[in-house]
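Going down the list, the protein sequences come from chains A and B. So that you can map any letter, position 239 of the first sequence is 798 in our numbering, and since no number is skipped, the others follow by simple counting. So that you can map any letter, position 157 of the second sequence is 1399 in our numbering, and since no number is skipped, the others follow by simple counting. Worksheet: one structure, shown below.
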Amino acid sequence: MEDYEPKITCFMCNFAFCQEETEVPPNVNVARVNCIGRMDPLLILEMFEKGADAVILVGCKPPDCHFIEGNLQAEVTVKMLKKLVMLIGVEPERLKLVCYSPTGRKSFSRHLEEFSDKTRKLAVSPLKSVSPESHLLLDISAAKDVVADFRLRVLLGRERELTESANVYGEKIPLEEFDKILDEIVEAEFIRHKIHVLTKAKPLSVKALAEKVELRPALVLKHIVNMRRKNMLTVDHVEGQTPFYKALEVK
Amino acid sequence: MSSKNTTNVKRQLPPCRSACPAHVNVQAYVALIQKGKFREAVEIIRKDMPFPAICGRVCFSPCEDACARSNVDQAVAIRALKRMVADVEREQGRVKAEPIQKKHSEKVAIIGAGPAGLTAAYELAKLGYEVTVFERMSELGGMMRYCIPDFRLEKFVVANEIAYIKDLGVEIKTGTEFGRDISIESLHKDGYRAIFLAIGAQLGMKLNVPGEDLNGVMNAVDFLRAIALEEHVNIGEKVAVVGGGNSAIDAARTVKKRGAKEVIILYRRSREEMPALPHEVELAEKDGVKFYFLVAPKQIIGKNGKVKAIECLRMRLGEPDESGRRRPVPISFSEHQYEVDMVIPALGQIAEVSCIPPELWDKESRAPSMKVDPLTLETKIPGVFAGGDVATGPASIIEAVGAGKRAAVSIHLYLTGQDLRSGRDEDIEETTWVKNWGSVNKKERRYEPPIEKPHLSFEEAAKYLEKIKRKAMFEAFRCLSCGPCAECLANIDLCEGDKAVVNESLCIGCNVCAVVCPFGAIKKNENGVAQVNEDLCKGCGICAARCPQRAITMKKLTDEQIVSLALATAGGK
Chain A
560 MEDYEPKITC FMCNFAFCQE ETEVPPNVNV ARVNCIGRMD PLLILEMFEK
610 GADAVILVGC KPPDCHFIEG NLQAEVTVKM LKKLVMLIGV EPERLKLVCY
660 SPTGRKSFSR HLEEFSDKTR KLAVSPLKSV SPESHLLLDI SAAKDVVADF
710 RLRVLLGRER ELTESANVYG EKIPLEEFDK ILDEIVEAEF IRHKIHVLTK
760 AKPLSVKALA EKVELRPALV LKHIVNMRRK NMLTVDHVEG QTPFYKALEV
810 K
Chain B
1243 MSSKNTTNVK RQLPPCRSAC PAHVNVQAYV ALIQKGKFRE AVEIIRKDMP
1293 FPAICGRVCF SPCEDACARS NVDQAVAIRA LKRMVADVER EQGRVKAEPI
1343 QKKHSEKVAI IGAGPAGLTA AYELAKLGYE VTVFERMSEL GGMMRYCIPD
1393 FRLEKFVVAN EIAYIKDLGV EIKTGTEFGR DISIESLHKD GYRAIFLAIG
1443 AQLGMKLNVP GEDLNGVMNA VDFLRAIALE EHVNIGEKVA VVGGGNSAID
1493 AARTVKKRGA KEVIILYRRS REEMPALPHE VELAEKDGVK FYFLVAPKQI
1543 IGKNGKVKAI ECLRMRLGEP DESGRRRPVP ISFSEHQYEV DMVIPALGQI
1593 AEVSCIPPEL WDKESRAPSM KVDPLTLETK IPGVFAGGDV ATGPASIIEA
1643 VGAGKRAAVS IHLYLTGQDL RSGRDEDIEE TTWVKNWGSV NKKERRYEPP
1693 IEKPHLSFEE AAKYLEKIKR KAMFEAFRCL SCGPCAECLA NIDLCEGDKA
1743 VVNESLCIGC NVCAVVCPFG AIKKNENGVA QVNEDLCKGC GICAARCPQR
1793 AITMKKLTDE QIVSLALATA GGK
């Protein structure tokens, strides 16, 4: 893997961007966005899917965000995504958020070069050439469903509110606890969406699903019960004693 | 105003911009300085007024007084930043302004090439009118050219800014005095459909004490004008300047620099009430000017027709008067004398209205001035407008610029036959998003305006420029950009004032967008659907990234566009 040049996508905040510092290594694609908080996690996953070896987000150094907390929002997004890509089997080091200031010591191109060097040490992204049979295909589409999921997005949006002020009951959640909740939700939602994607293709039994997602059948059943309650799944038919589940369109 | 009009647009502006009489888009050019786009910053300033370098030096900066940052630590050094960008542009070579295509056949005459007149000419030229400026003196700039000394505002700076206006195709006739060479009737006869009188307030006010006609008494305006014209002026050994305004300070510093041994400023109130800029007062003290407060001249004592001494009375401060400052009250039997051989009264200026038809005078005002409508600047004669110091009494450059802009709007409306009160954006609402000042990180102001450029070699100069540019960018980052979107169009290709759009059929009213929006620009309305307040939306797109239903998209930079941008710019840009 010596002579491989990683393909890197860089999303950059318009306001961190400085005209005079546009020396960008040739393997990096820079796309400017109005604010780094604009980055929908879905778009970042899409970049990985489309063959980027790594994605770097460049935002403004706190407290200089032009939109006050766009960079902090990006931080939450990246925190969540790192957990999610780990579940797919992609190294979390492939994703990075840099807080950059044109008046700082380290130049923009230096940041990019360093990130490029670190990525070079990793192998080619496992998502680059996915065979149609690979389980990765399932994982990616499930992951994309996860980040589009209502529950997760509400949680991300409310992170700062919950951990810094308080919820409607006046409870303030410590950041560590929030991270734990986020972890659990990412994991649970990932499995549920995997089940959802699988059953979308054809009705499956708990046993068959347990084999595919590599979990104990009891756990899968627990998720299925939950998903039925949320109208994600329904029983398609029963073969003997075994119910077969089918995915419902999520609204 | 008697006629109420509803056509006025209510604009929500940040405090700095609403405080500025010319409504210069401060937030936008500071945002551009943050990104090192200095030239674009100057262009933004020029959109609102033609004097970036002049105001960067001598403006009394109401923007800084209003700056929201002063609630946290100190105001952003707006004036110094403005000076910086204007100077950088001048040094790198200003782009020659292209003459503007004439779109209207009407001719407009402007009397007086001071800040008000030149601004009106600038704005009207941009609108495509044929503009002629008539000026009595040989050089343009009015008070900016003749009454602000060289060490505060260099002549070449004034000339450079005015050259820009000339480049736009404004015709200029110097040496033409209103009332002597031209009149309202003669201008009408020559085909000028509209006239703007901006002759300023040129006469120095008198002390009204005995001995004022002695040899050695010279009014501050006359004195400064004589110095600017490089005429010979006998400068005394010991000079007393009477007054506490900027022209008093200017005159005092000028005589000191021209070789007077001792310069004293006599002011009838105390230091707090001085109208001069505190910064200027400090510089005068550094120059060695002495201040005597709470003294007012009673008479000037002469010997052989020449000034020998000035006799003064001590004062104490009484009740506040209509200007809000405490009124000085003389203390009886407190006469004392200062030995001086030159007295410079600097009590302010009054308009020279003798050249103007008496029916246009404001007879109710104490000082001679013209009667105009404060909003439209109309006079009694249709098509004749007046503004600036001649209407308001002596004020500042930026207020004159504001008057010039207002006059230009009025003249445009008048010549196109529209209602003079319509379509004005005078209705301004101050807006900031910052609700909790305690949450803003402190960052002390460390930026000082560049005073004098050291002599440097070519390479050193480039390095020096880099250094001060960096410093300016650093200072610009102190701006909270607390107003709504500044429309700086910093990235014309991308931003163009992006706004969030809600797809109402998808929205379920979860209110996450309202939680994440830093500016409170998006809220659930009574139908339970998110609604964007376009005035407040700055287009960051955080709501779009967080909407659980993906019901919010951006007008300009959609998700699809981001993806295609990321894929299209292969190889880096």
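We treat Cβ as the ideally placed atom computed from N, Cα and C, and that holds for glycine.
Check, Outcome
"Start-to-end residues for the alpha helix (DSSP H) that takes in Ile783 of chain A", "776 to 788"
"Contact with chain B by Leu640 of chain A, beta-carbon distance below 8 Å", "no"
"Gly1629 of chain B versus Phe626 of chain A: straight-line alpha-carbon distance, rounded", "40 Å"
"8 Å Cβ cutoff, Asp698 of chain A in contact with chain B", "no"
"Unbroken stretches of the beta strand (DSSP E), 3 residues or longer, contained in the region 1726 to 1797 of chain B", "1742 to 1744, 1764 to 1766, 1772 to 1774, 1794 to 1796"
"Chain B residues whose Cβ lies nearer than 7 Å to that of Asn726 of chain A", "Simply none; closest approach about 11 Å."
"Buried or exposed by the 16-neighbour rule on C-beta atoms within 10 Å, applied to Ile1573 of chain B", "exposed"
"Cβ pair Tyr1762 of chain B, Arg597 of chain A closer than 8 Å", "According to the sequence provided, residue 1762 of chain B is Gly. The question's Tyr does not apply to it. Not in contact: Gly1762 of chain B and Arg597 of chain A (Cβ atoms no closer than 8 Å)."
"Lys1622 of chain B and Glu1601 of chain B closer than 8 Å at C-beta", "yes"
"Whole-angstrom C-beta distance between Val1314 of chain B and Arg717 of chain A, which should lie under 8 Å", "Actually they are not in contact, since the Cβ atoms of Arg717 of chain A and Val1314 of chain B sit about 27 Å apart, beyond 8 Å."
"Straight-line gap, Glu1527 of chain B to Val1459 of chain B (C-alpha atoms, nearest Å)", "23 Å"
"The region 1358 to 1367 of chain B / the region 1411 to 1423 of chain B touching (three or more Cβ pairs under 8 Å)", "yes"
"Within 7 Å of chain B by C-beta, residues of the region 587 to 620 of chain A in sequence order", "Val587, Asn588, Val589, Ala590, Arg591, Val592, Asn593, Cys594, Gly596, Arg597, Met598, Asp599, Leu602, Glu605, Met606, Lys609"
"Reduced DSSP category for Arg1321 of chain B - H, G, I as helix; E, B as strand; rest coil", "helix"
"Within chain A, partners of Cys1782 of chain B - CB distance below 7 Å", "Asn593, Cys594, Gly596, Arg597, Phe626, Gly629"
"Lys1766 of chain B versus Pro1760 of chain B: straight-line alpha-carbon distance, rounded", "15 Å"
"Nonlocal neighbours in the same chain, by C-beta distance under 8 Å from Pro1452 of chain B, ignoring five residues either side", "Gln1541, Ile1542"
"Whole-Å CB distance - Val1484 of chain B paired with Leu1589 of chain B, under 8 Å assumed", "7 Å"
"Candidates B:Ala1308, B:Asn1402, B:Val1754, of which the one nearest Gly1383 of chain B by Cα", "B:Asn1402"
"Positions along the region 1752 to 1771 of chain B whose CB lies within less than 7 Å of some CB in chain A", "Cys1752, Val1754, Val1757, Val1758, Pro1760"
"Residue-chain proximity (Pro1837 of chain B, chain A), Cβ-Cβ < 8 Å", "The structure shown has nothing for residue 1837 of chain B, since chain B only spans 1243 to 1815."
"Three-way DSSP call (helix, strand, coil) for Gly1544 of chain B in this model", "strand"
"Proximity to Arg1336 of chain B [Cα-Cα], best of B:Ile1342, B:Gln1343, B:Ala1328", "B:Ala1328"
"Pick from B:Ile1598, B:Arg1510, B:Ile1640, B:Ile1552 that is closest to Asp1303 of chain B, judged by C-alpha positions", "Reading the sequence as shown, one finds Ser at residue 1303 of chain B and not Asp. The residue with the shortest Cα to Cα distance from Ser1303 of chain B is B:Ile1640."
"Tyr563 of chain A classed as buried or exposed, judged by whether at least 16 other C-beta atoms fall within 10 angstroms", "exposed"
"Beta-carbon gap between Met1386 of chain B and Val1375 of chain B smaller than 8 Å", "no"
"6 Å Cβ shell around Pro1257 of chain B - same chain, five flanking residues per side excluded", "Ala1308, Ala1310, Glu1672"
"Cutoff 8 Å; reference Arg1788 of chain B; Cβ partners in own chain excluding five residues on either side", "Val1754, Cys1755, Val1758"
"Whole-Å CB distance - Leu695 of chain A paired with Pro685 of chain A, under 8 Å assumed", "7 Å"
"Residues sharing a beta bridge with Leu741 of chain A, DSSP", "Per DSSP, none; premise fails for Leu741 of chain A."
"Ala1351 of chain B: first and last residue of the uninterrupted beta strand (DSSP E) it sits in", "1349 to 1353"
"Val1582 of chain B versus B:Lys1550, B:Gly1560, B:Ser1576, B:Glu1564, residue with shortest Cα-Cα distance", "B:Lys1550"
"Chain B within 8 Å of Pro661 of chain A, Cβ atoms only", "yes"
"Residues near Ala1443 of chain B by beta carbon distance below 7 Å, same chain, minus five either side", "Gln1591, Ile1592, Ala1593, Asp1631, Val1632, Gly1635, Pro1636"
"The region 641 to 657 of chain A contacting the region 605 to 617 of chain A, beta-carbon criterion three pairs below 8 Å", "yes"
"Sheet register partners of Val1571 of chain B (DSSP bridge)", "B:Arg1558"
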